[in-house]
Amino acid sequence: MATTDNVQPVGLPDERPPANTIGPVAWLRNNLFNTWYNAILTVLVLALLGSAIPPFLDWLLIKAHGLDSTSQECRQGGGACWGFISEKLRFIMFGTFPYAEQWRPFVTIAIFIALLLASCDRRFWKPWFGLVWAAGLAAVAILMWGGVLGLTYVENTLWGGLPLTIILSVIGLAVAFPVAILLALGRRSNMPAVKVLCVTYIELIRGVPLISLLFMASVMFPLFLPNGVSVDKLLRAQVAFIMFAAAYMAEAIRGGLQAIPKGQYEAADGLGLGYWQKMRKIILPQALAVAIPPLVNTFISFFKDTSLVIIIGLYDLLGTAKAALSDPAWRGFYREAYLFIGVIYWIFCYSMSKYSQKLERDLNRSHRR
2 MATTDNVQPV GLPDERPPAN TIGPVAWLRN NLFNTWYNAI LTVLVLALLG SAIPPFLDWL
62 LIKAHGLDST SQECRQGGGA CWGFISEKLR FIMFGTFPYA EQWRPFVTIA IFIALLLASC
122 DRRFWKPWFG LVWAAGLAAV AILMWGGVLG LTYVENTLWG GLPLTIILSV IGLAVAFPVA
182 ILLALGRRSN MPAVKVLCVT YIELIRGVPL ISLLFMASVM FPLFLPNGVS VDKLLRAQVA
242 FIMFAAAYMA EAIRGGLQAI PKGQYEAADG LGLGYWQKMR KIILPQALAV AIPPLVNTFI
302 SFFKDTSLVI IIGLYDLLGT AKAALSDPAW RGFYREAYLF IGVIYWIFCY SMSKYSQKLE
362 RDLNRSHRR
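Using the working numbering, read the sequence shown as starting at 2 and increasing by one per residue.
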């Protein structure tokens, strides 16, 4: 009699899913052609790009003049004039900083970028890293001002370009961030006097444009100083930026604090933690993780708003590009200038955006779907 002990069950053969449910075809169907109106919009956008991109590439690359081109050669053709960028590069990047000393702002940029990249690594989030930042800022001050270690003294009225933009934004945000935390906590305080002061400050600063604060710091503030007393123009602009950024970041942090469940506060109270211990160890880490998107949005806006310092006589990256266009020999090449500085702004802002997304994923793993 035959036995079936060694007979193995035969499974169904593996089959690939339909081609229209995976891969590029599925992505196109789900994202660009999932409805009739999305399909129409996709076709219109593709047609618009098809009509705009070829002429742009023709101007940018094919008919473009090289880095060694002169203004006369550029005016004879219809392409981009990269000779303008080559000729005015150092002025756009470093402003009126003495030509022979422009290695100093270049090293300053390198120091800031190195500190920012190191700060993006969570392994460096230790108390001692604050000393590294202090040493880096001291090196920046020595390089930019000089007057010591054999370096020629350079007044900050000669600073400009990318170093000035980075100094205003990085130092402004670094100082404004702890101030914003205190303002957010004060606005949620149970002490009426503290709450009123914080609310008044936040609403007053957020109720006026940044340009008005810069105007007040540059024109009005010196009128209230005693005779013979003056405050550096760059310092006044930096304080105005700090005040402005602190008010906006305070609201973003307050939103994060309100998003924390009440049980977290009660659990911290149940552990017997004091107010500052509760905030530092339990509440603020969660609130800041929630507030990352609006905070980074403030960072990006703040970085771009440094271009407003031109109204008080300081030339940041955008200001030096505009000043470079005033040269009669190179007048009219504004597209090349704005495209060049636009790429620089985009690199910094896009880097901040991508890092914030990574940091948000790392800090909110428990909330992943």
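Even glycine gets a Cβ: it sits at the ideal position worked out from N, Cα and C.
As a quick exercise: from the options, pick the residue whose alpha carbon is nearest that of residue i.
i: residue 237; options: 163, 78, 200 and 220; result: 220
i: residue 340; options: 158, 57, 79 and 175; result: 57
i: residue 361; options: 293, 335, 342 and 329; result: 293
i: residue 146; options: 106, 352 and 115; result: 106
i: residue 305; options: 53, 169 and 69; result: 169
i: residue 345; options: 318, 333, 358 and 332; result: 318
i: residue 113; options: 166, 28, 67 and 88; result: 166
i: residue 178; options: 252, 191 and 133; result: 252
i: residue 62; options: 359, 222, 79 and 46; result: 79
i: residue 336; options: 82, 171 and 272; result: 82
i: residue 118; options: 134, 223, 128 and 129; result: 134
i: residue 153; options: 104, 278 and 26; result: 104
i: residue 92; options: 43, 342, 351 and 347; result: 342
i: residue 164; options: 315, 47 and 181; result: 315
Alpha carbon to alpha carbon, what distance is there between residue j and residue i?
i: residue 136; j: residue 126; result: 16 angstroms
i: residue 368; j: residue 349; result: The pLDDT assigned to residue 368 is 49, lower than 50, so where the model puts this residue is not dependable, and the model offers no usable value.
i: residue 323; j: residue 355; result: 29 angstroms
i: residue 124; j: residue 35; result: 44 angstroms
i: residue 312; j: residue 55; result: 38 angstroms
i: residue 2; j: residue 31; result: Interpretation of residue 2 is limited by its pLDDT of 49, a score under 50 that renders its predicted location unreliable; no figure is taken from the coordinates.
i: residue 357; j: residue 296; result: 9 angstroms
i: residue 241; j: residue 211; result: 8 angstroms
i: residue 131; j: residue 115; result: 14 angstroms
i: residue 300; j: residue 353; result: 8 angstroms
i: residue 108; j: residue 171; result: 16 angstroms
i: residue 208; j: residue 275; result: 35 angstroms
i: residue 286; j: residue 325; result: 45 angstroms
i: residue 40; j: residue 266; result: 49 angstroms
i: residue 246; j: residue 218; result: 15 angstroms
i: residue 45; j: residue 102; result: 52 angstroms
i: residue 320; j: residue 261; result: 43 angstroms
i: residue 263; j: residue 288; result: 12 angstroms
i: residue 310; j: residue 33; result: 43 angstroms
i: residue 25; j: residue 49; result: 22 angstroms
i: residue 195; j: residue 201; result: 10 angstroms
i: residue 89; j: residue 110; result: 18 angstroms
i: residue 150; j: residue 143; result: 9 angstroms
i: residue 359; j: residue 256; result: 21 angstroms
i: residue 141; j: residue 308; result: 21 angstroms
i: residue 233; j: residue 64; result: 47 angstroms
i: residue 278; j: residue 192; result: 18 angstroms
i: residue 224; j: residue 327; result: 32 angstroms
i: residue 351; j: residue 27; result: 28 angstroms
i: residue 281; j: residue 222; result: 36 angstroms
i: residue 298; j: residue 38; result: 31 angstroms
i: residue 29; j: residue 42; result: 13 angstroms
i: residue 70; j: residue 239; result: 39 angstroms
Does the distance from the CB of residue i to the CB of residue j come in under 8 angstroms?
i: residue 214; j: residue 244; result: yes
i: residue 162; j: residue 95; result: yes
i: residue 338; j: residue 72; result: no
i: residue 187; j: residue 198; result: yes
i: residue 364; j: residue 248; result: no
i: residue 174; j: residue 303; result: yes
i: residue 68; j: residue 52; result: no
i: residue 155; j: residue 99; result: yes
i: residue 157; j: residue 272; result: no
i: residue 269; j: residue 254; result: no
i: residue 203; j: residue 183; result: no
i: residue 332; j: residue 258; result: no
i: residue 75; j: residue 334; result: yes
i: residue 138; j: residue 97; result: no
Name the DSSP bridge partner or partners of residue i?
i: residue 162; result: 317
i: residue 82; result: 66
I'd like to know if residue i contacts chain D, where contact means its C-beta is closer than 8 angstroms to some C-beta of that chain.
i: residue 232; result: Absent here is chain D; the protein component of the structure consists of one chain.
Looking at residue i and the ligand HEM, is the gap between the Cβ and the nearest heavy atom below 7 angstroms?
i: residue 306; result: Among the components modelled here there is no ligand, and therefore nothing to report on the ligand HEM.
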